[in-house]
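Here is the structure we will look at.
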Amino acid sequence: MTESFSKLTGNEIATLLVPTTVTLVTARDVTGMDKVATIAWVMPISHEPSLIAVAIRPGGQTACAMRESGCFVVNVLGADEDAARIAMACGRKHGVEDRFAEAGLTACPAAHVDAARIEQAISWIECQLVESRVHGDHELFVGRTLVAETRGELDGNGKLEPCPALLMGQRGRFGRFEKGFNA
50 MTESFSKLTG NEIATLLVPT TVTLVTARDV TGMDKVATIA WVMPISHEPS
100 LIAVAIRPGG QTACAMRESG CFVVNVLGAD EDAARIAMAC GRKHGVEDRF
150 AEAGLTACPA AHVDAARIEQ AISWIECQLV ESRVHGDHEL FVGRTLVAET
200 RGELDGNGKL EPCPALLMGQ RGRFGRFEKG FNA
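In terms of the numbering used here, the sequence shown opens at residue 50 and continues consecutively.
So this is what it looks like as structure tokens:
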């Protein structure tokens, strides 16, 4: 018996690696305007020092603001229908001058960087830009974590509990991590 396999390319390969946590990345441009984009391609790349990588299309307003300001905030969304609406509003509409207003977001000052935090998020990671480099059709931004804070629950040892309330996304569909199991 011969198995048949389908060849995958670009977008399909990315689909194999998601769903992922849906985040809103914020940065402030040179005019002082807060920019925001929905980004699923965010990952830790080092524990010590704490480094976060964000992959984003290079021509957008948020990518330009990240480059110009040298800092950004990763805002982690909770899992509810309003968060899914916000993610769609900030992710699919290119060229919108004020996505904060369009999506009904509330900007709060960040503690250590010149960028906005989003009040509706459940966690925030404030980053100082270390480097950025274009790879194919995305630009990879690497940021050093200056502070990370959460509304999430901590265990008795002060460690973050696995969070079922994170918004997960895959190709415009959203959900939450409902139930895990231990191996």
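We put the beta carbon where it would ideally sit given N, CA and C, even for glycine.
No experiment lies behind these values; they were computed from the predicted model shown.
- In its own chain, leaving out the 5 sequence neighbours on each side, no residue places its CB closer than 7 angstroms to the CB of residue 63.
- Residue 203 counts as exposed, since fewer than 16 other beta carbons sit within 10 angstroms of its beta carbon.
- Of the candidates 161, 171, 154, 120, the residue whose Cα lies closest to the Cα of residue 78 is 120.
- Nearest to residue 107 by C-alpha distance, out of 182, 146, 166, is 182.
- Selection 150, 151, 133 evaluated against residue 88 yields 133 as nearest (Cα-Cα).
- Put simply, of 112, 74, 93 the residue whose alpha carbon is nearest the alpha carbon of residue 186 is 112.
- Taking C-alpha positions only, residue 95 is separated from residue 51 by approximately 42 angstroms.
- Residue environment: residue 205 is assigned as exposed (fewer than 16 neighbouring CB atoms within 10 Å of its CB, all protein chains considered).
- Approximately 20 angstroms separates the beta-carbon atoms of residue 195 and residue 104; this is outside 8 angstroms, ruling out the contact.
- DSSP links residue 120 through a beta bridge to 177.
- The beta carbon of residue 155 sits closer than 6 angstroms to those of 168, all from its chain and outside the five residues before and after it, given in chain order.
- In this structure, the CA atom of residue 216 is about 10 angstroms from the CA atom of residue 170.
- Rounded to the nearest whole angstrom, the CA to CA distance from residue 165 to residue 61 is 33 angstroms.
- The alpha-carbon separation between residue 175 and residue 100 amounts to approximately 11 angstroms.
- Across the set 86, 57, 70, 207, the C-alpha of 86 shows the shortest separation from the C-alpha of residue 146.
- If you look at residue 140, you'll find it isn't in any beta strand (DSSP E); it sits in the alpha helix (DSSP H) that goes 130–140.
- For residue 148, the enclosing alpha helix (DSSP H) begins and ends at 148–152.
- Here residue 209 is not near residue 192, since their CB atoms are 9 angstroms or more apart.
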